[in-house]
Amino acid sequence: MMQRVRWTGAIVALVLVLIAPPVAARRERARVFEAPVVAVSDGDTIVVRYAGKNLRVRLAEIDCPELKQPFGHAARAFTAQLVLDKIVRIEPKTVDDYDRVVARVKTSDGKDLGEELLRNGFAWWYSRYSRDHHLQALEAEARQAKRGLWADPDPIPPWLYRRMRPLLE
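Residue numbers (the working numbering): 852 to 1020.
In structure tokens:
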């Protein structure tokens, strides 16, 4: 019995040692920080300069048209107008499969970049990754007003476009 307790204790200690670094790393990534925007890749991806490195940041909970889609370049231009060469506040949520920090981003005057993209019709609310119904309402308002991409009667969501792209090229 005593032998079993020792083995169980050793296994628990080993598991704690093995998971501690990843947990600490996730906590480190979750820290809110400010950084200058040095590039805008597309409507929902920016590059900031942080800790001496360029860091790619993907806006959380929204999805902008791809650059080859209608309004893709307009979404990028809108994002650039709001944040390029300015300091933004990054509120990390996670890191995606492309090693981008997925975050809510606030402009220097406190506006939420994702909300602004939705409000102006340059993004979809990404319901698959969001439960923020305020964002859903912003998209609905832009749709009803036919702002931006919603001027098109049947815009193709970027997640469908990405799936169809191999067939289109």
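Here a beta-carbon is modelled for each residue, glycine too, at the ideal position from N, C-alpha and C. The structure presented is a predicted model; accordingly, all values stated were derived computationally and were not measured.
| query | residue 947 to residue 908, Cα distance in whole Å? | reply | Walking along the sequence shown from the start, residue 947 turns up at place 96. Walking along the sequence shown from the start, residue 908 turns up at place 57. Looking at the two C-alpha atoms, the distance is approximately 10 Å.
| query | On the three-state DSSP scale, how would you describe residue 884? | reply | Along the sequence shown, read from residue 1 onward, the residue named residue 884 stands at position 33. In the structure shown, residue 884 sits in a strand (DSSP, three-state: E or B).
| Can you name the start and end residues of the alpha helix (DSSP H) that residue 992 belongs to? | Reading the sequence shown from its first residue, position 141 is the one you call residue 992. Residues 984 to 996.
| Roughly how many whole angstroms lie between the Cα atoms of residue 936 and residue 882? | In the sequence shown, residue 936 corresponds to position 85, counting from 1. In the sequence shown, residue 882 corresponds to position 31, counting from 1. Near 22 Å, if we compare the C-alpha coordinates of residue 882 and residue 936.
| task | Determine the extent of the beta strand (DSSP E) in which residue 925 is found, giving its start and end residues. | result | Translated into the one-based positions of the sequence shown, residue 925 becomes position 74. Taken as a continuous stretch (DSSP letters only), residue 925 belongs to no beta strand (DSSP E), being part of the alpha helix (DSSP H) at 923 to 934.
| Whether residue 901 touches residue 890 by CB criterion (7 Å) | Translated into the one-based positions of the sequence shown, residue 901 becomes position 50. Translated into the one-based positions of the sequence shown, residue 890 becomes position 39. It is not a contact, given that the beta carbons lie outside the stated cut-off.
| task | Alpha carbon to alpha carbon, how far is residue 1017 from residue 1010? Give it in angstroms, no decimals. | result | Here residue 1010 refers to the residue found at position 159 of the sequence shown. Here residue 1017 refers to the residue found at position 166 of the sequence shown. Cα to Cα, the separation comes out at about 13 Å.
| message | Considering only the alpha carbon of each residue, which of 973, 942 and 929 lies closest to residue 1025? | response | Limits of the chain in this structure are 852 at one end and 1020 at the other, which puts residue 1025 out of reach.
| field | Beta-carbon proximity list for residue 949, same chain, < 8 Å, skipping 5 on both sides | value | Position 98 of the sequence shown, counted from the start, is the residue given in the question as residue 949. Cβ within range, chain order: 907 and 909.
| task | Apply the 10 Å Cβ neighbour rule to residue 999 and answer buried if 16 or more other Cβ atoms are within range, or exposed otherwise. | result | Here residue 999 is taken as the residue at index 148 of the sequence shown, counted from 1. Buried.
| request: Classify residue 902 as helix, strand or coil using the three-state DSSP reduction. | output: In the sequence shown, residue 902 corresponds to position 51, counting from 1. Looking at residue 902 - three-state DSSP - the assignment turns out to be coil, as it is neither helix nor strand.
| task | Could you check if residue 957 is buried or exposed, using at least 16 other CB atoms within 10 Å of its CB as the buried criterion? | result | Residue 957 sits at position 106 when you count from the first residue of the sequence shown. That one is buried.
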